[in-house]
Structures are given as C-alpha cells and as structure tokens.
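So the structure is just underneath, and the comments pick up after that.
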Amino acid sequence: MAPADSGISAVVAALALAGRLVVAEAGSEAGSAAEYHSPGYYPAPYGGWAPEWTESYRKARQLVGSLTLAEKTNITAGTGIFMGARCTGNTGSIPRLGLPQLCLNDGPAGVRQADHITVFPDAITVGATFDKQLMWRRGVAIGQEARGKGVNVWLGPSVGPIGRKPKGGRNWEGFGADPVLQAVGGRETIRGVQSQGVIATIKHFIGNEQEMYRMYNPFQKAYSSNIDDRVLHELYMWPFAEGIRAGVGAAMMAYNAVNNSACSQNSLLMNGLLKDELGFQGFVMSDWIAHMSGVASALAGLDLDMPGDTQVPLIGNSYWMNELTRATLNGSVPMDRLNDMATRIFAAWFQMGQDKPDFPATNFDTNTNQREGLLYPAAWPDTPRGVVNEFVPVQGDHDVVAREIARDAITMLKNVDGLLPLDVRRPLRVFGTDAKANPDGPNACADRNCNKGTLGQGWGSGTANYMYLDDPISALQQRAGNVIFHNSDSFPSGIEKPQDDDVAIVFINSDSGENTYTVEGNHGDRDASGLYAWHGGDKLVEEVARRYRNVVVVLHTVGPMLLEQWIDLPSVKAVLVAHLPGQEAGRSLADVIFGDVSPSGHLPYSITRRENDLPDSVTRLISFALLNQPQDTYSEGLYIDYRYLNKVGIKARFAFGHGLSYTSFSLTNASISRQKQLTPVPPPRAPKQGILDYRQAIPEVSEAVAPAGFRKHWRYLYSWLSKSEAESAVRSGTRRYPYPEGYSNVQRPGPRAGGGQGGNPALWDVAFKVLAQVTNSGNRFAGKASVQAYIQFPNSSAYETPFIQLRDFEKTKTLAPGESTTVELTLTRKDLSVWDAGLQDWVIPGVNGDYRVWIGFASDDFRSVCRTDTLACQEVVPRPA
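Numbering-wise, the sequence shown is residues -26 to -1, 1 to 855 according to mature numbering (1 follows the signal peptide of the UniProt record, and there is no 0).
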C-alpha cells in the first residue's frame, strides 16, 4: 500500500520512473496474470564497489586482464553434465596459468554423492532448533567437509522455497516458513561455510515454491510466480538480503519465471535486485539445465552457466562456451560484460582464499563410488579412465554437532500426564517401518528417491550418502531392556494382549523432494499424499491407540502434517516431531525419550487442523499445464502461515514456534531501550566507489581459436571456435544485435535502497534492544528455552501489515531447575520498516509510534509485551487479539 498522503497517480508515476512492477496491493486479490510483468533493468552492474571485496576484485581484474577471450568464456560456463572434474558441475579450466576447473557440488545437507562425509540434519530440522549457534556450527562443519573434498563452490544454503505452500516438495531444504527464521539460518550457514574458504551459494532466487512445472523445456514453459513488489521484498527477498549481507560468494537463480520472465534471464531480478539494490558482489549462476539463451541472459546479469548444456543436454551444445566467444567477437555481448562476469567469479575465488596452494584438489567423483572411473563419463566411449575417488575422510567429529542438532530440534507437541520421559525399564512396543533403516541399505535408493525405512532426508539433489544411519529402533533397543519391534505399517495380527504399563511408540512419516523423481505418485511435491502420513501411518496410530493405553507418536516429516485423525485420542499421550535428522536419527531421539535431555525444538511452521484453514493460493498445487505457461499468483500477499491464520482468526492446532519441554520456564523482568533515534527513511546511500575499468576492445581472432593439434572429446563443451567461425563472427559484427527495449551500456548509480551488501547499511542499525530474564521454573529437569520476539506495527500505520511478525529469537544455554539467564533480542531499522513500492525504499510508518514487541516461547505463547513509545514492558499479558 502507499502511505496515506500519497495519491494513486503519484505511486504510478514513481513506479514508472523506477522501472518496477506495479500490481495489486499486498494481501489483496490480484488481477489477471497479464498485470504481472518484469521490466528490463540494464546494464548489468559492475561489482567491486563494496569495501569488503576491494582487494579480491583488484586481484581478479588483474587476472582476467591476462586471459585470452576463450579463457574468459571457458570460466563462465560448465563443461557439460557428467563431464569435467567429477563434481555436480565444473567450470572450464585455464591450464596455461595452472588454474583448475572449479568444482561446484550439492548439497544443503552435506557433500552430495561423496564418500566419508557426514549426513547432517536437513535445514528444516536446523530451523526447528531456533539456535543460532548450532546453525553456525553446522555451517562450519559442512564447510570443512566440502573443503576437504576439494569443493570450491558449495550449492547451499537454500532459503527459497520459503515454505509458502505446505505441500511444496523442497521446503525441507530451507529453514522454515518465515523470512526471519530463513534469513538467520541462511546467514549463519553462509558464515560458517565461508569461514572455511568454501564459496557458499544462496538459492533459489526466487519464487520456486513448488516442484511440478518448475522447469522450462522446448515444449512447455515453467510456471510464473506472480509476486508484487512489496511482497517480494518483505517475504521472499528478506533471507537473500541477509545472506548477501553476510558476504555470500554465489547466488543461484530459480528454474521458474517471476512475473512472466524466466529467472535465468530476468534482468530485473539479477541486475536490478541482486546486483544493484542488494549489492551482491559474487557471481550469479543458473540452476542446472535452466539456461535458455545466449546473449539475452548475459545482458540480463547471468555470470555462470551451469552445467553448460542447453535445455536438451548431452548433445554437445551450449548457449555459452563457444557461442559466447562468438557473441563477443561479433559485438553482441560487450567485452565489459564478459570481463565483469569472469571478474566476479575470480573475485569470489580470491575472497575465500582459494588461490592459496593449500586448497585441496577435488578427490571424489559424483558418478561412481569406485576408485577408478571414466574421466568424462558422458563422452563414453570416447573417454580415458583414471583414479577418480581417493576416499579422503573428512567427517572429523562432526557427528557430535549433527547429533546435537537432531536432538535439539525434536519438537514435543503433546505430553499428557507427563508420560515422557520414559524409564528404560518400562516395556516398549514399537510399530512402523520408519523406526528401522531401509533393509536394502540406507543408500539403496539413488538420492533417497524412495520412502523405505527411517526417513532421515527428503529426496533429490539436497541429499547426501550415508556412511551409516543410526536408526531409532537400534538406539531404543540399546537403551531399554524390554523392546518388541513390529516392522510393519499395518497393525500385526496375533499380538499379545497389552499390559497397562506397556508403552507403544508408533513411527510415521511424510516425504517429499525434487521433481526429478516421482515417489509413490508424488511428483516432488506432496501432490498424491497430501499432508497425511505415508503408508497408512494415520490408520496405524489409530489401531495402536485402540489397544494401548500409553501411546507415543514419532513423526519424521518434511513439513506440516494433518494430525486430526488421531491427535485427540485419549491414549495418544505424547507426540514428538523429529523432522529429518540425517545420520543421527537414533541416539538423538533416545536421548529425549529417556530424559537425558529435555526437548527444546520448536515448530518452524504451523500445523493446521484442516488443509483449507490456509488460503487456496497456497494449498493448491499447479497440477496441469498443457503448452500454456501456468500462472501461480501470490494473491495471499504477505499472509502466509501464521500471518494468515492470525488475519482470519483461525487457531492452529499447533502454532508456529510451538514446542513443549519436560520443564517449565518463566520470562520476567523484560526491558526495552532505544539504541538509536531513527528517521522515517534511511539516510542517503553512499555512492559506488572504486569500480574498476572493464572496457576492452574486441580481441583478435587468434584468442578464440583452439591451439593446433588439440583433441576434443565428444560432448565435452569447449570455448573455442574454428578459425573460419571466428573470422565469420567478426565479419557479422556489422549487423546490430536486437537489444532488449530500454537497454543501455551506461552504468547506473544504483537505487536509493542500496548502498551496501544486502542493501542500505542503515537498515541494520539497531533501533531497540530488549532484555528478558528466563528462569527454569521447574524442579526436576534441566532444559533450554527459545525466546522469540514478534513485532506488531502501530495501529496508526497507513500500511496494512500482518498482526505479528517474527523479528528475532535467542536460545538459552541449558538451565538447571531454578537457574536463570538473561537473553538479548534486537530490532533493527529494517525490522520496523515496510517496503514502499512507490518510493522504492524501506519506510518506518511511525518513527516514534507505538510498536509492540511481543516476547514469548511461540507465536501464540507470549509472556511480555514492550512498547517502543513509552519504553515500558508489561508481563503476564493475554495473547494479543
């Protein structure tokens, strides 16, 4: 919405000048898809003006200045799928200078398709810890393992999808259905990974909120995520801004379109938002096989084509490589654009210190687990063999942090009569195949593309191969003396009569993953299973609950599930959500069940009573598209998850942030203090300084031609042209390339909302600090508490905003009974702001207004409220309404 004193005509005029999208107001019903378009933004902004990157850019520009034309185009694209130095993707190399191929490798839970690595809990599990320190430690451990394997660019973290659609297939690769939770998880992961000298990749930019119809192909366009400007900034870009502020070295575009322009060639997204407004200094890459144009994507800001092939791979063709060489020779792609592309890639390489001789060479192969293999698998039979796996162990003691995360993420939804924790002497009867690892082996299904046994990961490119899987039944049997396991998802016949003291533990799950695979009718998204348990798990719980008086249900799940079929049954006394725990699924759960630690996880999403408690725009999946481009209009605006439930007055079954403990906590002595007097809009941005000169005349033909006698391999992608092709390209340079409307080669000063990595640096000025005392008020168990701060905008604001929004959280250390600690929460300028689409900047609706800061343990469990106008806090307040 526009401020109250701004007329509609003024807003339209401002938007026209800004060259940005104008659509329906956030939260209102949007119009037709034709209203959504993505205007051009040119030229691609140069990097190197952020002071943190100055020296890396100086080195990179000097290096790029020494390269030939073909060497530059060779570093800006992959050598082809299943080609090169054994990774998920590889750039070309520069042998003349001893520069190797850069290894780009999945994935968000560890080093994918590698040996001797750790399978960490997935990001949704990490989000459930609400623990910044664990988020960072996991990033450090992943960075150490990636470096040890010789990975230059780690393809994570994923903060998109954000979890807008509960049935979205890859929600589990992100940290939860809230922009701040995603932002903190992504930021801490990036800091951890890059502290080890590995380039992190923030992905997928942007609007990739479901799997089906996400990809373009020669016959079908991908869906268009139709998102208005304010919603884009306040929800979906928020975590990307935080990751860029943390100095992330790479960004990956999404497969889909945004506002009817494909992300991989959307100049507003890459040039306007990522590079100019958010000040991204690293390089922008395509997702795999998402590249669909040559000159257009280069001008739009793409820097790296991965894995190099066209949308129909394995035929030896590329839109870049030799075609980019041709496009620069004929003048279609300006030399300054190519120089900027290559400089951005090498700047990230220098920024992480990968030019130093101690950075390991790649020592694993994603294509085989054998010691020897094909050096260029896709070129078979035209390929030599060699040693491809050196079996370098990199796990160290990372099982410790992996187990801590899996344990501290376990979220207790229910615990009637204090059934948990259990005494190890109590008889246990365990039901459900999810309790035991896949009997065919934990890696029996490629990329975990089956749901068989313990669900430790979703499926697809976000997975990693287990060296072992510590499953729950093994851990329970090791701890308890009387355990009987029924390895079936149906209630067994002929079972002994339950005794009153018996405890039945039922394991159920819900899976999803990447659209690369279809699993039990689910096309990546949970389109077949919905939000119900797989394999008849809900019925199994009912059957067990009819016979046993004490039932514990354990969920391994990619996201929210519908529990109404059994959640209120009297014998279902305890429910634990163990999320996706990775390799440490067993002991982490046993630690909680037997009371070694108190559960301290919190839901990173809401669990509703019915699917239609949320709007149709997020519950509906695009399930059919015949030749037309499917339209996915974000008509719910800012109102996803708990924001929507609060708006319409629907009470969640279990609210976002919910999580019980074996003990209880009080929150007292809250105080708020002003740290800085703010202005309605941020101060003017600093101008870009220190930008290097990227201009260059078109090189000689000789720089584009392969050396005499060089032998090419079939399907391998090369940057060279033949001499005749190069000469023809030069001759064709007299014909003007049809540049897009509005194209200019004159660098812009940058938008007012920019000025630093992540945006205007003033956005992170701390406006208020909140302190609160947390006490373990129980008398038996130690435990950790996660304190959450939600902001409520002033009622006088001219902008419609969700009722409450998470802005910060902090987890305590383990507190003994009676022990207290003080937590500190902060609110920044950005936390108090809304995005004004007319002004194209962040605006504080009321600089001295009555913001309310609700502090508690969940989005429906507040213990104090503090006011920013009076700087007063009130304890034991009713839930806001």
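Cβ atoms here follow ideal geometry from the backbone N, Cα and C, with glycine treated the same way.
*Hey, out of SER807, GLN452, HIS460 and GLY427, whose CA is closest to VAL398's CA?*
Translated into the one-based positions of the sequence shown, residue 398 becomes position 424. The residue with the shortest Cα to Cα distance from VAL398 is GLN452.
*Who are the Cβ neighbours of LYS743 in its own chain at under 6 Å, not counting the five residues just before and after it?*
Translated into positions along the sequence shown, residue 743 becomes position 769. Counting only Cβ-Cβ distances below 6 Å, and skipping sequence neighbours, we find SER647, GLN649 and THR800.
*Determine the extent of the alpha helix (DSSP H) in which TYR616 is found, giving its start and end residues.*
The residue labelled residue 616 in the question sits at position 642 within the sequence shown. Note, TYR616: alpha helix (DSSP H), 616 to 622.
_DSSP has ARG841 in a bridge; who is on the other side?_
In the sequence shown, residue 841 corresponds to position 867, counting from 1. DSSP lists ARG826 as partners of ARG841.
*Reducing DSSP to helix, strand and coil, say where GLY130 ends up.*
Within the sequence shown, residue 130 is the residue found at index 156, counting from 1. Coil at GLY130, not helix or strand.
*Is it a yes or a no for the stretch 157 to 175 touching the stretch 118 to 137, going by three-plus beta-carbon pairs under 8 Å?*
yes
*Distance between PRO13 and GLY792 (C-alpha atoms, nearest Å)*: As a working note, residue 792 is residue 818 in the sequence shown. As a working note, residue 13 is residue 39 in the sequence shown. Their backbone Cα atoms lie some 59 Å apart in a straight line.
*If we call anything under 8 Å between Cβ atoms a contact, is VAL546 one with VAL525?*
The residue given as residue 546 occupies position 572 in the sequence shown. The residue given as residue 525 occupies position 551 in the sequence shown. Cβ distance < 8 Å, so VAL546 and VAL525 count as in contact.
*State the Cα-Cα distance for the pair LEU(-6) and ARG138, rounded to the nearest angstrom.*
Locating residue -6 in the sequence shown gives position 21, counting from the first residue. Locating residue 138 in the sequence shown gives position 164, counting from the first residue. Legend: pLDDT at LEU(-6) = 44, less than 50; position of this residue unreliable, value from coordinates given subsequently. Roughly 21 Å separates the two Cα atoms.
*Which residues in the same chain as ASP445 place their Cβ atom closer than 8 Å to its Cβ, once the five residues preceding and following it in sequence are excluded?*
Within the sequence shown, residue 445 is the residue found at index 471, counting from 1. Closer than 8 Å at the Cβ level, and outside the excluded window around ASP445, lie ALA409, LYS410, ALA411, GLY427, THR428, ALA559 and GLY560.
*State yes or no: is the C-beta of ASN234 nearer than 7 Å to some heavy atom of the ligand MN?*
Of the ligands one can find in the structure shown there are none, so the ligand MN has no counterpart to examine.
*Using DSSP with H/G/I as helix, E/B as strand and the rest coil, what is TYR348?*
Within the sequence shown, the letter at position 374 stands for residue 348. It is Leu, not Tyr, that sits at residue 348 in the sequence shown. Looking at LEU348 - three-state DSSP - the assignment turns out to be strand.
_Reduced DSSP category for GLU849 - H, G, I as helix; E, B as strand; rest coil_ = Against the sequence shown, residue 849 aligns to sequence position 875. Three-state DSSP puts GLU849 in a strand.
*Contact check, PRO95 vs ALA376 under 8 Å by CB: the rounded distance?*
Along the sequence shown, read from residue 1 onward, the residue named residue 95 stands at position 121. Along the sequence shown, read from residue 1 onward, the residue named residue 376 stands at position 402. Confirmed, Cβ separation roughly 6 Å.
*Could you give the residue range of the alpha helix (DSSP H) that holds TYR764?*
Here the question's residue 764 lines up with position 790 in the sequence shown. Run containing TYR764: none in the alpha helix (DSSP H); it sits in the beta strand (DSSP E), 760 to 766.
*Leaving out five residues on either side along the sequence, give the residues of the same chain with a beta carbon under 7 Å from the beta carbon of ILE596.*
Start at 1 with the first residue of the sequence shown, and residue 596 comes out as number 622. Excluding residues within five positions, the ones whose Cβ falls inside 7 Å are GLN184, MET186, TYR187, TYR197, PRO604 and ASP606.
_Which of the three DSSP states is assigned to GLU516 in this structure?_
Translated into the one-based positions of the sequence shown, residue 516 becomes position 542. GLU516: helix per DSSP, three-state reduction.
_Spatial neighbours of THR788 in its chain, beta-carbon cut-off 6 Å, leaving aside the 5 residues before and after_ = Walking along the sequence shown from the start, residue 788 turns up at place 814. Here the set comprises ALA756 and LYS758.
*Mind checking TYR579: buried by the 16 CB within 10 Å criterion, or exposed?*
Start at 1 with the first residue of the sequence shown, and residue 579 comes out as number 605. Buried, by the Cβ-count rule.
_residue 896, DSSP secondary structure in three states_ = Only positions -26 to 855 of the chain appear in the structure, and residue 896 is not among them; the question remains open.
*Taking buried to mean at least 16 other C-beta atoms within 10 Å of its own C-beta, is PRO712 buried or exposed?*
Walking along the sequence shown from the start, residue 712 turns up at place 738. Exposed.
*Run through DSSP, which three-state label would ARG648 get?*
If you number the sequence shown from 1, residue 648 lands on position 674. If DSSP states are grouped into helix, strand and coil, ARG648 belongs with the strands.
_Any beta strand (DSSP E) of 3 or more consecutive residues that is wholly inside the stretch 441 to 494_ = 457 to 460 and 477 to 484
*Measure the CB-CB distance between PRO281 and GLY66 and report whether it falls below 8 Å.*
Mapped onto the sequence shown, residue 281 falls at position 307. Mapped onto the sequence shown, residue 66 falls at position 92. No, they are not a contact pair.
*Is SER702 helix, strand or coil when you go by DSSP?*
Here residue 702 corresponds to residue number 728 of the sequence shown, with the count starting at 1. In this structure, SER702 counts as helix in the three-state DSSP scheme.
*Can you name, in chain order, every residue of its own chain whose Cβ lies under 6 Å from the Cβ of ARG111, other than the five neighbours on each side?*
Position 137 of the sequence shown, counted from the start, is the residue given in the question as residue 111. If we look at ARG111 and ignore the five residues flanking it on each side, its Cβ neighbours are VAL375.
_CB-CB length for VAL127 against LEU76, believed under 8 Å_ = In the sequence shown, residue 127 corresponds to position 153, counting from 1. In the sequence shown, residue 76 corresponds to position 102, counting from 1. Indeed, because the Cβ distance is near 6 Å, the residues count as touching under 8 Å.
*Could you spell out the range, first to last residue, of the alpha helix (DSSP H) harbouring THR302?*
Counting from 1 along the sequence shown, the entry for residue 302 is found at position 328. THR302 -> alpha helix (DSSP H) spans 296 to 303.
*asked:* With H, G and I counted as helix, E and B as strand and the rest as coil, what does DSSP make of LEU273?
replied: Sequence index remark: in the sequence shown, residue 273 carries index 299 (1-based). Here LEU273 sits in helix by DSSP.
*Nearest neighbour of ARG86, chosen from PRO69, ASN64, ALA120 and GLN255 [CA to CA]*: Sequence index remark: in the sequence shown, residue 86 carries index 112 (1-based). Taking only the C-alpha atoms, the option nearest ARG86 is ALA120.
*Closest residue to GLY455 among ARG584, ARG403 and VAL258 (Cα-Cα distance)*: Locating residue 455 in the sequence shown gives position 481, where the first residue counts as 1. With distances taken between Cα atoms, GLY455 lies closest to ARG403.
*asked:* Taking the beta carbon of SER40 as the centre, do at least 16 other beta carbons fall within 10 Å, making it buried, or is it exposed?
replied: Position 66 of the sequence shown, counted from the first residue, corresponds to residue 40. Exposed, because fewer than 16 other Cβ atoms sit within 10 Å of the Cβ of SER40.
*asked:* Here's a check: name, in chain order, each residue in its chain whose Cβ is nearer than 6 Å to the Cβ of TRP294, leaving out the five neighbours to either side.
replied: What you label residue 294 is simply residue 320 of the sequence shown in a count that begins at 1. Counting only Cβ-Cβ distances below 6 Å, and skipping sequence neighbours, we find ALA51 and ASP279.
*Bridge partner(s) assigned by DSSP for MET259*: The residue you call residue 259 lines up with position 285 of the sequence shown. In DSSP, MET259 forms a bridge with MET226 and LEU278.
_Through-space distance from GLU715 to HIS11, alpha-carbon basis_ = Within the sequence shown, the letter at position 37 stands for residue 11. Within the sequence shown, the letter at position 741 stands for residue 715. Going from the Cα of HIS11 to the Cα of GLU715 covers about 14 Å.
*Express the C-alpha separation of ARG584 and TRP27 in angstroms, rounding to a whole number.*
Sequence index remark: in the sequence shown, residue 27 carries index 53 (1-based). Sequence index remark: in the sequence shown, residue 584 carries index 610 (1-based). The straight-line gap from Cα to Cα measures roughly 49 Å.
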